[in-house]
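Quick note on the numbering used here: the first sequence kicks off at 1298 and runs consecutively.
Even for Gly, the Cβ is constructed at its ideal location relative to N, Cα and C.
All figures in this text were calculated on a predicted structure; none of them were measured in a lab.
First the structure, in the form of structure tokens, and then the observations on it.
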Amino acid sequence: MSYNFTAIEKKWQNYWLTNKTFAALDPVDAGDMPKAYILDMFPYPSGAGLHVGHPEGYTATDIVSRFRRMQGYNVLHPMGWDAFGLPAEQYAVKNNVHPAVTTKKNIENFRRQIQMLGLSYDWDREVDTTDPGYYKWTQWIFLQLFNSYFDPIQDRAMSISHLMQELVNENLLIGPDNSLHPNSTPEGMERISGEVRIERLWRELTAAEQREAIDAQRLAYIDEVPVNWCRQLGTVLANEEVIDGKSEVGGFPVERRPMRQWMLRITAYADRLVNDLSLLDWPESLKEMQRNWIGKSVGAEVDFDIAPPDMHTAGLQSPNDSREDANADLSITVFTTRPDTLFGATYMVLAPEHPLVDRITVPSHRETIEAYRTMIAGRSDRDRMSDTKDKNGVFTGSFAINPANDEKIPVYISDYVLMGYGTGAIMAVPAHDERDYEFATKNKLPIQTVVAPFAGRAASVYAAFTEEGTAINSGLLDGLPTQQAKEKMILWLEEEGVGHRSIKYKLRDWLFSRQRYWGEPFPLILDAFGNASAIDESELPLTLPELEDFKPTGSPEGPLSKAKEWLEVKNDRGTFTRETNTMPQWAGSCWYYLRYADPKNAERFIDPEKEKYWMPVDLYVGGVEHAVLHLLYSRFWHKVLFDLGHVSTPEPFRRLVNQGLILGEMEYHVFETTDSMSVTVAEVRDIDEENDGSGVKVIGFDKRTGQKLIGRRVSEEDIEKTSAGHVLKTDTKIRVDARCSKMSKSRGNVVNPDEIVADYGADAFRLYEMYMGPLEAQKPWNTRDIVGMSRFLRSVWRNLVGDDEAAKGSRAVDSAVPDALDRQMHHTIKKVAEDIDGLRFNTAIAELIKLNNELTGLPNVPRDVAENLTLMLAPFAPHIAEEIWERLGHHKTLTRRPWPTFDPAKMTESTMELPVQVNGKLRDRIVVPVDADEMTILLAAENSEKVRPWTEGKTIHKKLYVPKKLVNFVVG
RNA sequence: GCCCGUGUGGCGGAACGGCAGACGCUACGGACUUAAAAUCCGUUGUUCAGAAAUGGACGUGUGGGUUCGAUUCCCACCGCGGGCACCA
């Protein structure tokens, strides 16, 4: 070992910390330096410590940060802790340790691990979401949401006081459903979709109605909604936190039940959240995931009148029954994205929970309808999802009138229609919708084709034709292509007053309260009726009360309800109780990137000058797992803060990159069938490992028969790697399955960064993670490969410093750089800078290795090359670079030394090598002067010894010269 | 089922219309060493001919297409990974 990485790494980590080498300058001190805000997704400090996946992203941003500093940027590169959350609380419940204690311990461990990697964070800006000095401002931002509403006309959030003014001035009116309307009609009345709606003036409302009307507008509001309740976790979860009907954390079953909860009106921003994606330099796949989650659909709402019941089919007992009157002007509104298929609507389906089901169900069908609804209510989300193929439903006995053709169509209920989306009712067009088609064939309902495929394209006879085509059997739409037919139908609906254009979203409002202890308390008090009001800003932060018992209560009351003293608030307005729910974990991470710019400010969440200077984040790196949670929520908060004038940019993160998952090491399996005949790799699928208590068993399935196969793990030494695949050494006929899977505790394939750093050093570890492959790609860990980076660093040390550890000098000499080496160096400078900009660290490192390989074996190294190589290595392997830099005779850190520049003139050679092809096949390489003209080159190529045999006796049809690339002769 | 990504030596990967396999690992051979480790040097896609120098053929999941030329662009299919999944 020629150098002691442990000592060197310690030395420079201490140097950086004591000298605050990586402190970002505040805008007033930065002069005209350009800024770069380079951010990592801050971690949840779990008890397990750092995972090798963390340093992947952290090293990537660290390289860019160090590179930018050398380019003269004022770099903000901070780290912090997303420390509220379930694991600390579950640990607290189990072991009776306060979550704050566990959290503190975990943070210390994380900080130690992160610092041992030599990451260039500005530690004076560290934030911790559980610090009252931090969550004071999380609560403050919540109050901004609470005190704001979304103005649909200006398409932005504004303060509730502005809303009050508008209402008092009678510019706005309140609708019966607490909707807001401009006071455009003199009487405050307008007719919308055939229904008379009456809006009222502010002064016409009672005090209680006024309060209700205001509360209904807030961006943070209370609602009684069906929520995802998880019994095991004792809390509700956001839609985003539920995966396949199970909790994302822990994988516990989740049930739907109505509960009174705090909601954030993220749906108001749905359109802007979709549109502004176009401003962002994000991976297209991630933008697509957000678009899908928001799920914007453009279409129309259509009103269907309910037909007066027919005596016979309805089975009414008495002709005096008043049902006919009751249904006289009853109508059901449906939402459709295909208004052009209205003529094909042959029946209608309501969600079982639709409020009109009771009113339209005729007595003779009441029993079956009720039975169906009871059956549905008892099913969990999981059951419902498991049989989406089987579409059941029941007839209500009522008919609706299709407004397009006045035909009577039956009205069904079925749980394939969801109450939570659109209007909870659909018009069914079985000819052009797969679900409707399935339901119609099952229930023997008529199918009416109204769209024909465009000429030359065939449609299947057996299924729905869901593509665009030409309208047929559709009266006024006949002959129109789908797009135009949609438009024409919407205009017709609006003219007739039986429908209108409409846009719907899958996105629901964000369920924002949790029945937990370890989260931010809501800065709210509730009166005896449950009405919420904000506490005064001067009372922030509202800190968590001390508790003995953190267990969830199992009810909508959070554990905070056990803190009796804390709970009760008396002021001059009366007696109140505090809200006992806490905020979800996402709250703190929604704005932490803002706090880094001004982490110690006690007066504001961020100083406006600093915000303007640092925002937006220039580069944000993190895992894809946050594609629809953190990244959607923080964009939403940022937009609210933007609307209210607290931040200056509409989006927080300009460029975002997802680092790929690091998988566990390659595992090898052998499978045997029951008759002990081994099967080959190609025949096994879905390989998984099960621990049944007696040990780990490998389970797989035969690809063709689906038969379950039991396998065993074999070690790498037992395997021979051949071109036909991997086989057992003992029996080369037995093929071995090789694959890698996610790192997990249960698999026992988790790699601990502490051990790697102890064995190879932080520099080699960083280099290895960056050299594994493209940052965004998923790639398997292989400890064996790290040695390559170790060797590279040792070789650099040997080339620049020498073999003698005790010697303090270097091998650099003040001599001219030989031409070939100079060319290589300038080429490296160019390539490494380009690659860092493009986050292609693997190829940048390859380039550095190549340059270093050139130095191997030289008697000494020209100083110019030695210094440039050291500087270029610094972002990747900062400790060894600093140490070599010092030994090259410098007394200060290289952190702000300018990045080497390359001279294009130095990169050119006087001659070049050109490949010569005949019919696209390489036959020779010729060396010609760079400035040779085409004629000379073609002649030289044609006369080449190795080319002539391929052209002799044949006609050269074409002579191709691609400048500076190659020559190709087409012969025949 | 739908959407997105991806497929290159024994392995990680490079090239992304122009010399396929840069760079690293492994393996093999050699040097140093009493020995091992470490280190250094060399070889390493498959295959055929040759004693060797060398040369030929094949080769980027499969099948087509565009092109003088395709790993790269287009079409279809197959495998793998991820996301969404009754959203009308």
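Given residue i as reference, the closest of the options once Cα atoms are compared
| i | options | result |
| --- | --- | --- |
| Phe2173 | Ala1357, Leu1322 and Phe1319 | Ala1357 |
| Asn1536 | Val1551, Leu1530, Pro1605 and Arg1528 | Val1551 |
| Gly1721 | Lys1783, Met1645, Leu1790 and Ala1761 | Met1645 |
| Asp2082 | Asn2096, Arg2063 and Gly2099 | Arg2063 |
| Ser1445 | Ile1411, Gln1514 and Leu1477 | Gln1514 |
| Thr1746 | Arg2193, Lys1739, Lys1332 and Asp1775 | Asp1775 |
| Val1921 | Ile1959, Ser1362 and Lys2218 | Ile1959 |
| Pro2077 | Ala2055, Ala2059, Val2047 and Gly2085 | Val2047 |
| Val1925 | Gly2269, Leu1322, His1348 and Lys1584 | Lys1584 |
| Pro2260 | Gly2186, Pro1636 and Val2225 | Val2225 |
| Lys2042 | Lys2256, His1348, Lys1909 and Glu1876 | His1348 |
| Ile1666 | Thr1638, Arg1932 and Asp1712 | Asp1712 |
Whether residue i touches residue j by CB criterion (8 angstroms)
| i | j | result |
| --- | --- | --- |
| Tyr2057 | Glu2013 | no |
| Gly1961 | Met2067 | no |
| Phe1443 | Ala1517 | yes |
| Pro2267 | Val2244 | A quick correction: the sequence has Val, not Pro, at residue 2267. Their beta carbons are not under 8 angstroms apart, which means Val2267 does not touch Val2244 by this criterion. |
| Ala1761 | His1729 | yes |
| Met2122 | Asn2165 | yes |
| Phe1847 | Val1390 | yes |
| Ile1519 | Arg1554 | no |
| Ile1673 | Pro1649 | yes |
| Lys1629 | Tyr1669 | Before going further, note that residue 1629 is Ile rather than Lys in the sequence given. Not a contact, by the Cβ cut-off of 8 angstroms. |
| Tyr1910 | Lys1332 | yes |
| Leu2072 | Val1995 | no |
| Val1394 | Leu1808 | no |
| Thr1564 | Arg1805 | yes |
Classification of residue i by the beta-carbon crowding that lies within 10 angstroms, buried from 16 upward
| i | result |
| --- | --- |
| Asn1311 | exposed |
| His2188 | exposed |
| His1927 | buried |
| Met1912 | buried |
| Glu2210 | exposed |
| His2254 | exposed |
| Arg1811 | buried |
| Pro1652 | exposed |
| Gln1410 | buried |
| Arg1663 | exposed |
| Val1726 | buried |
Same chain, Cβ closer than 7 angstroms to residue i, neighbours up to 5 away in sequence not counted
| i | result |
| --- | --- |
| Ala1899 | none |
| Leu1470 | His1478, Asn1480, Gly1485, Glu1496, Arg1497 and Leu1498 |
| Ile1489 | Confidence is the limiting factor: at Ile1489 the pLDDT is only 44, short of 50, which leaves the residue's position unreliable, though a coordinate-based value still follows. Answer for Ile1489: no residue qualifies. |
Close-in-space but distant-in-sequence residues of the same chain around residue i (CB under 6 angstroms, 5 per side omitted)
| i | result |
| --- | --- |
| Thr1426 | Asp1379, Ala1380, Phe1381 and Gly1885 |
| Ile1800 | Val1595 |
| Phe1407 | Pro1342 |
| Asp1622 | In this prediction, Asp1622 scores a pLDDT of 47, lower than 50, which makes its location untrustworthy; no coordinate-derived value is stated. |
| Leu2152 | Asn2096 and Val2158 |
| Arg1798 | Ala1597 and Ile1787 |
| Asn1403 | Pro1342 and Gly1344 |
| Glu2017 | Val2024 and Lys2026 |
| Ala1327 | Asn1371 |
| Tyr1917 | Leu1336, Phe1950 and Leu1953 |
Proximity test, residue i beta-carbon vs the ligand SAM heavy atom, cut-off 7 angstroms
| i | result |
| --- | --- |
| Lys2261 | Within the structure as shown, the ligand SAM is missing, as the structure has no ligands at all. |
Residue i versus residue j - alpha carbon distance
| i | j | result |
| --- | --- | --- |
| Ala2229 | Phe2089 | 39 angstroms |
| Met1367 | Gly2070 | 25 angstroms |
| Glu1545 | Leu1561 | 21 angstroms |
| Asp1600 | Asp1626 | 11 angstroms |
| Gly1919 | Trp1883 | 15 angstroms |
| Ala1642 | Ala1701 | 9 angstroms |
| Asp1637 | Phe2138 | 52 angstroms |
Own chain, CB closer than 8 angstroms to residue i, minus 5 neighbours either side, in chain order
| i | result |
| --- | --- |
| Thr2027 | Asp2015 |
| Lys1867 | Phe1873 |
| Lys1433 | Leu1837 and Pro1838 |
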